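A.B. asks: Heads up, the sequence shown is in the UniProt record's numbering, so the first residue is 1 and it goes up one at a time.
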Amino acid sequence: MNPYATPIMTFSLILGTTITISSNHWVLAWTGLEINTLAIIPLIAKSHHPRAVEAATKYFLTQAAASALVLFSSMTNAWVTGQWDITQMNHPTSCLLLTAAIAIKLGLVPFHFWFPEVLQGSPLMTALLLSTLMKFPPLTLLLLTSKSLDPALLTAMALASTALGGWMGLNQTQTRKILAFSSISHLGWIAIILVYSPKLALLTFYLYTIMTSAVFLALNKIKALNLSMIMTSWTKTPVLNATLMLVLLSLAGLPPLTGFMPKWLIIQELTKQEMTPAAMAIAMLSLLSLFFYLRLAYHSTITLPPNSSNHMKQWYTSKTPSTPTAVLASLSILLLPLSPMMHAIV
1 MNPYATPIMT FSLILGTTIT ISSNHWVLAW TGLEINTLAI IPLIAKSHHP
51 RAVEAATKYF LTQAAASALV LFSSMTNAWV TGQWDITQMN HPTSCLLLTA
101 AIAIKLGLVP FHFWFPEVLQ GSPLMTALLL STLMKFPPLT LLLLTSKSLD
151 PALLTAMALA STALGGWMGL NQTQTRKILA FSSISHLGWI AIILVYSPKL
201 ALLTFYLYTI MTSAVFLALN KIKALNLSMI MTSWTKTPVL NATLMLVLLS
251 LAGLPPLTGF MPKWLIIQEL TKQEMTPAAM AIAMLSLLSL FFYLRLAYHS
301 TITLPPNSSN HMKQWYTSKT PSTPTAVLAS LSILLLPLSP MMHAIV
């Protein structure tokens with residue numbers, strides 16, 4: 001790839017995201033989404049491997065369909081109400097179409113099929129962008145239109161996402177697919193609280209982004225694409241592997257780590273909204289994803305590979321983790337004491 005291509009694509013991603021999150025007109029928001037889609041596709045396909053090309057094709061087709069639905073829902077709303085303002089989405093059919101379109105873009109159940117396959121075909125750093133930055137613009141559109149959305153539909157999609165994200169991740173051995181199903185599961189937590197507390201949904205997304213970025217950067221450092229490669233990496237970076245275990249447990253939502261905070265606040269808010277059955281259901285379903293986080297943590301630190309391992313053990317090196325990895329890992333582990341302040345903000 002041309003050395004100027006990556007900076008251009010990175011600038012386009014930042015530009016597209018900024019246009020979408022700062023616009024109040026549907027056409028501008030749609031333009032930002034399209035810039036994002038066109039900028040990320042070369043990053044997915046840059047290895048020219050058949051799986052990467054397949055992932056880029058799948059991503060393009062699903063995002064094109066979702067963008068068409070976004071444009072169609074906004075045009076339908078403008079036809080009926082005469083409003084192009086994002087916050088004035090009042091027509092019921094338009095709201096339903098918009099919910100489906102954003103669900104496709106985010107990878108919410110039942111529109112999740114493309115996401116694990118695309119992540120598996122992408123490099124680790126591109127997979128990080130797909131799991132975090134690329135979800136921010138569609139999520140912003142959901143937050144802006146949250147007052148018009150159907151709470152029952154979002155709750156059903158959220159519970160299905162949490163259940164399927166946990167269930168499908170149980171027997172995976174590829175780290176990118178495990179993190180894809182982890183993303184689907186976390187989107188369920190964001191979607192269930194979106195209508196009742198948009199600020200809490202945004203806080204959950206921010207914390208998810210911090211924890212997932214720390215995991216992806218750690219995996220990229222040790223070049224671990226599957227569980228067996230994680231098992232043999234402890235000889236190379238023992239400290240990073242121990243940190244990775246703590247970040248994974250935080251992503252699972254175990255106290256006293258950062259990941260416990262959003263789950264705690266969401267369950268509290270759902271109880272206040274008299275949605276105790278939904279709170280109980282999503283808390284129980286998150287136990288499914290806890291299993292594969294524990295398995296990842298077990299492979300990264302607690303277990304040693306058998307002597308008959310097919311992978312050559314790597315020699316210990318004195319290379320220290322990069323500063324972003326260290327900062328993100330620290331934030332992923334140590335933010336729980338700030339919960340009262342976060343609760344006051346949301």
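Here a beta-carbon is modelled for each residue, glycine too, at the ideal position from N, C-alpha and C.
Everything numeric in this text was worked out from a predicted model, so none of it was measured.
Could you name each continuous alpha helix (DSSP H) segment of 4 residues or more that falls completely within the segment 195 to 270, going from the start of the chain to the end?
C.D. replies: If we require 4 residues or more, the alpha helix (DSSP H) runs fully inside the segment 195 to 270 come out as 198 to 222, 227 to 231 and 238 to 252.
A.B. asks: How long is the line joining the alpha carbons of Gly16 and Leu288, rounded to whole angstroms?
C.D. replies: Distance between the alpha carbons of Gly16 and Leu288: 35 angstroms.
A.B. asks: Express the C-alpha separation of Phe72 and Leu257 in angstroms, rounding to a whole number.
C.D. replies: So the alpha carbons of these two residues sit roughly 43 angstroms apart.
A.B. asks: Considering only C-alpha positions, which residue in the set Pro116, Ala65, Leu128 and Thr145 is nearest to Ser85?
C.D. replies: The question names Ser, yet the displayed sequence has Asp at residue 85. For Asp85, the nearest C-alpha among the options comes from Thr145.
A.B. asks: In this structure, does DSSP put His25 in helix, strand or coil?
C.D. replies: In this structure, His25 counts as strand in the three-state DSSP scheme.
A.B. asks: Provide the residue span of the alpha helix (DSSP H) that contains Trp114, from first to last.
C.D. replies: Counting along the chain, the alpha helix (DSSP H) containing Trp114 begins and ends at Trp114 to Gln120.
A.B. asks: Need the endpoints of the alpha helix (DSSP H) that Gln63 sits in, please.
C.D. replies: Element bounds for Gln63: Pro50 to Thr81.
A.B. asks: Answer yes or no: do Asp69 and Ala101 have a C-beta to C-beta separation smaller than 7 angstroms?
C.D. replies: Strictly speaking, residue 69 in this sequence is Leu, with Asp absent from that position. For Leu69 and Ala101, yes; Cβs fall inside 7 angstroms.
A.B. asks: Check for me: the alpha helix (DSSP H) holding Thr93 runs from which residue to which?
C.D. replies: Counting along the chain, the alpha helix (DSSP H) containing Thr93 begins and ends at Pro92 to Leu106.
A.B. asks: Put Gln88 into one of helix, strand or coil per three-state DSSP.
C.D. replies: Three-state DSSP puts Gln88 in a helix.
A.B. asks: Could you say which of Trp189, His25 and Met284 lies nearest to Thr87 if we only look at CA atoms?
C.D. replies: Checking every option, the nearest Cα to that of Thr87 belongs to His25.
A.B. asks: Roughly how many whole angstroms lie between the Cα atoms of Ile44 and Lys272?
C.D. replies: C-alpha separation (whole angstroms): 43 angstroms.
A.B. asks: Contact defined as beta carbons within less than 8 angstroms: I believe Val118 pairs with Leu106. What is the distance between those atoms, to the nearest angstrom?
C.D. replies: About 13 angstroms separates the two Cβ atoms, so there is no contact after all.
A.B. asks: Tell me which residue opens and which closes the alpha helix (DSSP H) that Ser286 is part of.
C.D. replies: First-last of the alpha helix (DSSP H) with Ser286: Thr276 to Ala297.
A.B. asks: Assuming Ile193 and Leu270 are in contact, meaning their beta carbons sit under 8 angstroms apart, how far apart are those beta carbons, in whole angstroms?
C.D. replies: Going by Cβ atoms, the distance from Ile193 to Leu270 rounds to 7 angstroms, so yes, they are a contact pair.
A.B. asks: Across which residues does DSSP place Gln174 in a beta bridge pair?
C.D. replies: Answer is Asn226, bridged to Gln174.
A.B. asks: Could you tell me whether the Cβ atoms of Thr20 and Pro137 are closer together than 7 angstroms?
C.D. replies: The answer is yes: Cβ separation under 7 angstroms.
A.B. asks: Do Val247 and Val215 have their C-beta atoms closer together than 7 angstroms?
C.D. replies: Going by C-beta atoms, Val247 is nearer than 7 angstroms to Val215.
A.B. asks: Give the DSSP-derived three-state secondary structure of Thr10 in the structure shown.
C.D. replies: Helix.
A.B. asks: Excluding sequence positions up to five away, which residues of its chain have a Cβ less than 7 angstroms from the Cβ of Thr31?
C.D. replies: The residues are Ile19.
A.B. asks: How many Å lie between Leu202 and Pro262 at the Cα?
C.D. replies: For Leu202 and Pro262, the distance between alpha carbons rounds to 10 angstroms.
A.B. asks: From Pro324, Thr235, His343 and Ser250, pick the residue whose C-alpha is nearest to that of Gln268; which is it?
C.D. replies: It is His343.
A.B. asks: Could you name the residues of the same chain whose beta carbon sits closer than 6 angstroms to that of Gly188, not counting the 5 residues immediately before and after it, in chain order?
C.D. replies: Correct list, in chain order: Ala158, Ser161 and Thr162.
A.B. asks: Among Ser250, Pro42 and Leu225, which one has its Cα closest to the Cα of Gln174?
C.D. replies: Checking every option, the nearest Cα to that of Gln174 belongs to Leu225.
A.B. asks: Roughly how many angstroms separate the alpha carbons of Ile184 and Leu108, rounded to a whole number?
C.D. replies: Taking the straight line joining both Cα atoms gives about 6 angstroms.
A.B. asks: Pull up the distance between the alpha-carbon of Leu331 and that of Ala279, whole angstroms please.
C.D. replies: Using only the alpha carbons, I get a separation of about 26 angstroms.
A.B. asks: What is the DSSP secondary structure of Pro137, counted as helix, strand or coil?
C.D. replies: In the structure shown, Pro137 sits in a helix (DSSP, three-state: H, G or I).
A.B. asks: Using the Cα positions of Ala65 and Trp234, report the straight-line distance between them to the nearest angstrom.
C.D. replies: Distance between the alpha carbons of Ala65 and Trp234 is about 43 angstroms.
A.B. asks: Where does Val109 sit, in a helix, a strand or coil, going by DSSP?
C.D. replies: If DSSP states are grouped into helix, strand and coil, Val109 belongs with coil.
A.B. asks: Quick one: using the 10 Å Cβ neighbour count with 16 as the cut-off for buried, is Ala5 buried or exposed?
C.D. replies: Looking at its Cβ environment, which holds fewer than 16 other Cβ atoms inside 10 Å, Ala5 is exposed.
A.B. asks: What is the DSSP secondary structure of Ser161, counted as helix, strand or coil?
C.D. replies: Note: Ser161 maps to helix in three-state DSSP.
A.B. asks: Figure out for me which residue from Ser300, Asn90 and Arg176 has the closest Cα to the Cα of Leu249.
C.D. replies: Nearest of Ser300, Asn90 and Arg176 to Leu249, Cα basis: Ser300.
A.B. asks: What residue does the alpha helix (DSSP H) around Pro324 start on, and which one ends it?
C.D. replies: Taken as a continuous stretch (DSSP letters only), the alpha helix (DSSP H) holding Pro324 covers Thr323 to Leu334.
A.B. asks: Out of Lys46, Val80 and Thr37, which one is the CA nearest neighbour of Ser67?
C.D. replies: For the residues Lys46, Val80 and Thr37, the minimum Cα distance to Ser67 belongs to Thr37.
A.B. asks: Out of Cys95, Leu133, Ala252 and Ser74, which has the shortest C-alpha to C-alpha gap to Ala29?
C.D. replies: Nearest of Cys95, Leu133, Ala252 and Ser74 to Ala29, Cα basis: Ser74.
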